[in-house]
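Data first, discussion second: the structure below is written as structure tokens.
Residue numbers (my numbering): -8 to 151.
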């Protein structure tokens, strides 16, 4: 019998899924789309093209630049959130901040935007509260700052 694909329709791309483990992420504010294949098979489509992914590949598309790319990754890192963990490997801080803002329904403001392009690496435990998780993320920046005693971020809680 023919196997019918499971379809994930997003603002930027359509993902056809064939008996697989995968992750799809869309950030409307940053206008980013990303899907990562852990196992099985997926096809990423738009009106003009189709890209098939192999396991441990990540397809990303920026609507700001209109550019798409496929890169080799450790796909397990992209599904750690299902276990209450988040891992960053040389991720720019503003992307890490956006992920935490979405997860905890908060807004994080930096006193100096020069830190937004710093690269961060490490694990975060999402079972911790927002303050502790953000403090752990920001501690990687504190090590790079000359004056590590001065606070340089603020957490704003959004209405639930």
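For glycine and all other residues, C-beta sits at the position ideal for the given N, C-alpha and C.
All values reported here derive from a predicted model rather than from experimental measurement.
Query	Result
In terms of residue numbering, what span does the beta strand (DSSP E) encompassing residue 148 cover?	144 to 148
Hey, quick one: how far does the beta strand (DSSP E) through residue 76 stretch, first residue to last?	76 to 83
So for residue 30, helix, strand or coil by DSSP?	strand
CB-CB under 8 Å to residue -8, same chain, minus the five flanking residues each way: which ones, in chain order?	The pLDDT assigned to residue -8 is 40, lower than 50, so where the model puts this residue is not dependable; a value taken from the coordinates is nonetheless given after this. If we look at residue -8 and ignore the five residues flanking it on each side, it has no Cβ neighbours.
List the endpoints of the continuous beta strand (DSSP E) containing residue 210.	Residue 210 lies beyond the stretch modelled for the chain, which goes from -8 to 151, so this question has no answer here.
Could you tell me how far apart the beta carbons of residue 53 and residue 23 are, in whole angstroms, since I believe they sit closer than 8 Å?	6 Å
Just how far apart, CA to CA, sit residue -1 and residue 8?	8 Å
Mind checking whether residue 6 and residue 17 have CB atoms under 8 Å apart?	no
Can the beta-carbon of residue 100 be found closer than 8 Å to that of residue 145?	yes
What first and last residue would you give for the beta strand (DSSP E) that runs through residue 12?	5 to 18
What residue from 29, 38 and 108 has the CA that sits closest to residue 49's CA?	29
Measuring straight from C-alpha to C-alpha, what distance separates residue 67 and residue 149?	30 Å
With residue 50 as the anchor, note down where its beta strand (DSSP E) starts and where it stops.	48 to 53
Mind checking residue 4: buried by the 16 CB within 10 Å criterion, or exposed?	buried
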